[in-house]
Amino acid sequence: MTRIIVPDDLTGVAAAASLTQAVLKHLNVASLEELACELEAGYGDGSSVVEKFEAIEFSPGQRELLATYADEICLIRNKPRGRRDVKSRTLAVCDACGGWVVSVGNPPARCQVKLGCGGRVTKPPQSAVA
């Protein structure tokens with residue numbers, strides 16, 4: 018079984034984004050939509066994406082994160098190895114208000130989600146695959 022370890026200091030949308038990034042990278046797919054298509058098309062044919070996905074052991078908390086933040090994490094994109102048609106993008110989260118923005122590259126230095134917030138916006142670190 019494969020486990021994905023989300024950093025302990027991450028919560029909410031940051032934890033969900035970190036988990037999603039790790040899953041997409043581990044499976045070498047660009048998006049959750051692409052993953053769903055791969056699973057539907059390849060189910061039962063022994064494809065590596067299907068086998069690798071079925072080997073992931075999600076904790077109940079991780080399943081809840083993915084369900085709770087489904088609308089947000091569907092915006093995340095991974096640049097799969099060997100593909101030039103996809104740009105990586107993730108969610109960057111404000112450390113003060115918890116607001117988030119889609120980030121392709123460096124996120125804004127200060128929060129622009131909530132007026133007057135001024136918190137620091139950072140990309141969450143990717144979860145570890147074990």
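Going letter by letter, the sequence shown gives residues 18 to 147 in the numbering used here. Glycine included, each C-beta is placed from N, C-alpha and C at the ideal position.
Please classify residue i: is it buried, with 16 or more other beta-carbons within 10 angstroms of its beta-carbon, or exposed?
i: Ser65; result: exposed
i: Ser76; result: exposed
i: Val146; result: exposed
i: Ala87; result: exposed
i: Ala126; result: exposed
Which same chain residues, not among the five before or five after residue i, have their C-beta less than 8 Å away from its C-beta?
i: Arg12; result: Residue 12 lies beyond the residue range present for the chain, which begins at 18 and ends at 147; the question has no answer from this structure.
i: Thr139; result: Ala109, Val110, Asp112, Pro124
i: Leu79; result: In the sequence under discussion, the amino acid at residue 79 is Gln, which differs from the Leu named in the question. For Gln79, where only same-chain residues beyond five positions count, the Cβ hits under 8 Å are Ile21, Val23, Leu36.
i: Gly59; result: Val66, Val67
In the DSSP output, which residue or residues are listed as bridge partners for residue i?
i: Cys111; result: Val138
i: Ser120; result: Thr107
i: Arg127; result: Arg137
i: Val146; result: Ile21
i: Ile73; result: Thr19
i: Arg94; result: Arg106
Is the beta carbon of residue i less than 8 Å from the beta carbon of residue j?
i: Arg149; j: Glu71; result: Given that the chain is displayed from residue 18 to residue 147, the structure contains no residue 149 and the question cannot be resolved.
i: Val121; j: Lys104; result: yes
Which same chain residues, not among the five before or five after residue i, have their C-beta less than 7 Å away from its C-beta?
i: Cys114; result: Cys128, Val130, Lys131, Cys134, Gly136
i: Pro142; result: Pro24, Ser35
For chain D, find out if any of its Cβ atoms is closer than 8 Å to the Cβ of residue i; answer yes or no.
i: Leu41; result: As a matter of chain content, chain D is missing from the structure shown, which is built from one protein chain.
Going along the chain, which residues of its own chain have a beta-carbon closer than 6 Å to the beta-carbon of residue i, five neighbours each way excluded?
i: Ala32; result: Val23, Leu82
i: Leu41; result: Asn95
i: Trp117; result: Val30, Leu108, Val110
i: Lys69; result: Leu44
contact_flag[the stretch 46-53, the stretch 80-96] where n(CB pairs < 8 Å) is 3 or more: yes
Stretch pair the stretch 34-43 + the stretch 105-116: three plus CB contacts closer than 8 Å: yes
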